[in-house]
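There are 2 protein chains.
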Amino acid sequence: MTKINIQEKLSRFSDHWHPRIVGELNGQHVKLVKFQGEFVWHRHEEEDELFFVVDGAFDIEFRDKTVRVKAGEFLIVPRGVEHRPVAEEEVSVMLFEPAGTLNTGDAGGALTRGELDWI
Amino acid sequence: MTKINIQEKLSRFSDHWHPRIVGELNGQHVKLVKFQGEFVWHRHEEEDELFFVVDGAFDIEFRDKTVRVKAGEFLIVPRGVEHRPVAEEEVSVMLFEPAGTLNTGDAGGALTRGELDWI
Numbered sequence: 001m002t003k004i005n006i007q008e009k010l011s012r013f014s015d016h017w018h019p020r021i022v023g024e025l026n027g028q029h030v031k032l033v034k035f036q037g038e039f040v041w042h043r044h045e046e047e048d049e050l051f052f053v054v055d056g057a058f059d060i061e062f063r064d065k066t067v068r069v070k071a072g073e074f075l076i077v078p079r080g081v082e083h084r085p086v087a088e089e090e091v092s093v094m095l096f097e098p099a100g101t102l103n104t105g106d107a108g109g110a111l112t113r114g115e116l117d118w119i
Numbered sequence: 120m121t122k123i124n125i126q127e128k129l130s131r132f133s134d135h136w137h138p139r140i141v142g143e144l145n146g147q148h149v150k151l152v153k154f155q156g157e158f159v160w161h162r163h164e165e166e167d168e169l170f171f172v173v174d175g176a177f178d179i180e181f182r183d184k185t186v187r188v189k190a191g192e193f194l195i196v197p198r199g200v201e202h203r204p205v206a207e208e209e210v211s212v213m214l215f216e217p218a219g220t221l222n223t224g225d226a227g228g229a230l231t232r233g234e235l236d237w238i
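Take a look at the structure:
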């Protein structure tokens with residue numbers, strides 16, 4: 001029962017597309033991640049994923065539309081839906097998703113982060 | 120796949136201790152609530168509960184300590200742990216917890232909100 005300060009946790013890392021775990025509840029993880037540039041198209045077969053923007057803004061591209069999400073906003077991507085995060089400038093994001101969710105979903109590849117650290 | 124703006128949702132209600140649902144994923148609900156004053160001591164037998172402060176600050180009292188949680192911070196209360204939120208001044212909070220979690224847990228009473236609305 002220790003409180004977590006988001007900005008303090010964000011100050012501990014600077015690399016992109018590499019989520020860190022900051023909380024766990026009901027089988028879900030709370031993660032922090034910084035995005036910059038273009039991610040890979042992917043889907044999560046079994047997991048819904050929430051993106052809450054802490055600082056900055058980014059686009060979540062879907063096959064039929066793009067949604068810009070800014071600080072103080074969140075978007076839930078349902079399981080099975082292909083998406084691609086794209087951040088023109090650096091953005092800090094808090095994720096809520098089931099423990100074990102792989103960042104690149106079904107796509108795999110060089111940006112995959114299999115084992116995530118707690119910070 | 121519609122993005123949710125927290126402040127816009129908060130502007131839609133002004134009563135205290137009455138959570139509204141703003142998102143659902145993986146069997147969990149995302150809720151917004153405004154606290155002011157003292158809530159009731161209670162526990163949730165089966166649900167861990169995350170309190171993320173959007174605006175303001177409040178205290179989460181436990182039987183052996185009190186933790187002050189401020190804007191940009193969150194705290195997870197594990198299932199089974201007695202707690203009581205106390206807000207000297209109004210505070211806006213985002214909750215993340217299993218769908219169906221009752222706000223007063225095992226305590227019941229006048230502050231119980233059984234059926235929550237989506238906003």
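Chains L and E, in that order, give the protein sequences. At position 82 of the first sequence (counting the first as 1) the number is 82 in the working numbering, and the numbers step up by one without a gap. At position 102 of the second sequence (counting the first as 1) the number is 221 in the working numbering, and the numbers step up by one without a gap. We treat Cβ as the ideally placed atom computed from N, Cα and C, and that holds for glycine. None of these values were measured; they are calculated from a predicted model.
Query                                                                                                              : Result
Which of helix, strand or coil DSSP assigns to E8(L)                                                               : helix
Limits of the beta strand (DSSP E) - the one that S133(E) falls within                                             : Premise fails: S133(E) is in no beta strand (DSSP E) and is neither H nor E.
Assigned exposure category for A206(E) - 16 Cβ within 10 Å defines buried                                          : buried
Contact under 9 Å by Cβ, V30(L) with L111(L)                                                                       : no
Local conformation of W118(L) per DSSP, three classes                                                              : strand
Stretch pair the region 220-227 of chain E + the region 186-199 of chain E: three plus CB contacts closer than 8 Å : no
Residue-chain proximity (F58(L), chain E), Cβ-Cβ < 9 Å                                                             : no
Any 3 or more C-beta pairs closer than 8 Å across the region 15-35 of chain L and the region 83-99 of chain L      : yes
Status (buried if at least 16 other CB within 10 Å, exposed otherwise) for W118(L)                                 : exposed
Extent of the continuous beta strand (DSSP E) to which T112(L) belongs                                             : Run containing T112(L): none; DSSP gives neither H nor E here.
Chain E residues whose Cβ lies nearer than 9 Å to that of V91(L)                                                   : What V91(L) touches in chain E: nothing, since even the nearest Cβ is about 14 Å away.
Limits of the beta strand (DSSP E) - the one that P204(E) falls within                                             : 203-217
Cβ pair V67(L), V53(L) closer than 9 Å                                                                             : no
Classification of T101(L) by the beta-carbon crowding that lies within 10 angstroms, buried from 16 upward         : buried
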